[in-house]
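First residue of the sequence shown? That's 472 in this note's numbering, and the numbers climb one at a time after it.
C-beta atoms are modelled at their ideal positions from N, C-alpha and C, and glycine is treated no differently.
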Amino acid sequence: MHLFSEGPVMPCTSADFRRFALSLPQTEQRRHMNHPDFRVAGKIFATLGYPNQERGMVKLTPTQQEEFVAAYPVAFQPVNGAWGRQGCTSVLLGRAAKRALKEAILAAWRNHAPQELALGSLRRKSRTQRRKS
Numbered sequence: 472m473h474l475f476s477e478g479p480v481m482p483c484t485s486a487d488f489r490r491f492a493l494s495l496p497q498t499e500q501r502r503h504m505n506h507p508d509f510r511v512a513g514k515i516f517a518t519l520g521y522p523n524q525e526r527g528m529v530k531l532t533p534t535q536q537e538e539f540v541a542a543y544p545v546a547f548q549p550v551n552g553a554w555g556r557q558g559c560t561s562v563l564l565g566r567a568a569k570r571a572l573k574e575a576i577l578a579a580w581r582n583h584a585p586q587e588l589a590l591g592s593l594r595r596k597s598r599t600q601r602r603k604s
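Following this line, the structure appears as structure tokens:
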């Protein structure tokens, strides 16, 4: 994972969260327990508006969660209980830098996408980075 240092934060919105999630291949938005969720291959990787409209949630691994919480403590925190211990991470949108939010959503998507799809996104990203070098 590549975490970026937190500089001046342009606050994220629920529209940013939704746009970042839906920009990923084969992602669909559905509803779960009266709030929007985002799925790849039928698996939820992120939700929006829970426990309130100021927050989103990304399903990270516990290690990824530790890294995001350490790098961005004002924006990322484990959700309460067993889900939080498994990596579910709450995002305070108004305190999250857009770049950090994109990284977290992408990590959550890769954790739940079919392997071929997730690996394909890594190959495309590395080719794009090489062209920029």
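Query raised in the report: What are the residues that DSSP puts in a beta bridge with residue 559?
Result: Taking the first residue of the sequence shown as position 1, residue 559 is located at position 88. DSSP, once it has assigned bridges, lists 530 as partnering residue 559.
Query raised in the report: If you compare alpha carbons, which of 548, 488 and 569 is closest to residue 534?
Result: Taking the first residue of the sequence shown as 1, we reach residue 534 at position 63. Relative to the Cα of residue 534, the nearest Cα in the group 548, 488 and 569 belongs to 548.
Query raised in the report: Do you know how far the Cα of residue 541 is from the Cα of residue 575?
Result: Taking the first residue of the sequence shown as 1, we reach residue 575 at position 104. Taking the first residue of the sequence shown as 1, we reach residue 541 at position 70. Using only the alpha carbons, I get a separation of about 13 angstroms.
Query - Reference residue 499; option with closest CA among 487, 483 and 516 - result: Start at 1 with the first residue of the sequence shown, and residue 499 comes out as number 28. It is 516 whose Cα lies nearest to the Cα of residue 499.
Query raised in the report: Going by other Cβ atoms of all chains shown within 10 Å of its Cβ, with 16 needed for buried, is residue 504 buried or exposed?
Result: If you number the sequence shown from 1, residue 504 lands on position 33. Taking all protein chains shown into account, residue 504 has fewer than 16 neighbouring C-beta atoms within 10 Å of its C-beta and is therefore exposed.
Query raised in the report: What are the uninterrupted segments assigned as alpha helix (DSSP H) that are 4 or more residues long and contained completely in the segment 559 to 590, given in chain order?
Result: Listed in chain order, the complete alpha helix (DSSP H) runs (minimum 4 residues) inside the segment 559 to 590 are 569 to 583.
Query raised in the report: Going by Cα to Cα distance, which pick from 590, 591 and 585 is closest to residue 511?
Result: Here the question's residue 511 lines up with position 40 in the sequence shown. That would be 585, whose Cα lies nearest to the Cα of residue 511.
Requested in this report: Note down the Cα distance separating residue 555 from residue 546, rounded to an integer number of angstroms.
Outcome: If you number the sequence shown from 1, residue 555 lands on position 84. If you number the sequence shown from 1, residue 546 lands on position 75. In this structure, the CA atom of residue 555 is about 15 angstroms from the CA atom of residue 546.
Query raised in the report: What is the C-beta distance between residue 560 and residue 539, in whole angstroms, given that I count them as a contact (C-beta under 8 angstroms)?
Result: Here residue 560 refers to the residue found at position 89 when the sequence shown is read from its first residue. Here residue 539 refers to the residue found at position 68 when the sequence shown is read from its first residue. Contact between residue 560 and residue 539 holds: CB atoms are separated by about 6 angstroms, below the 8 angstroms threshold.
Query raised in the report: So who's on the other strand from residue 500, going by DSSP bridges?
Result: Working through the sequence shown from its first residue, we reach residue 500 at position 29. The partner list for residue 500 (beta bridge, DSSP) reads 509.
Query raised in the report: Do the CB positions of residue 580 and residue 486 come within less than 9 angstroms of each other?
Result: The residue given as residue 580 occupies position 109 in the sequence shown. The residue given as residue 486 occupies position 15 in the sequence shown. No; because the gap between Cβ atoms is not below 9 angstroms, this pair is not in contact.
Requested in this report: Compare the beta carbon distance of residue 483 and residue 578 with 9 angstroms and say whether it is the shorter of the two.
Outcome: By 1-based counting over the sequence shown, the position of residue 483 is 12. By 1-based counting over the sequence shown, the position of residue 578 is 107. Taking 9 angstroms as the Cβ cut-off, residue 483 and residue 578 do not qualify as a contacting pair.
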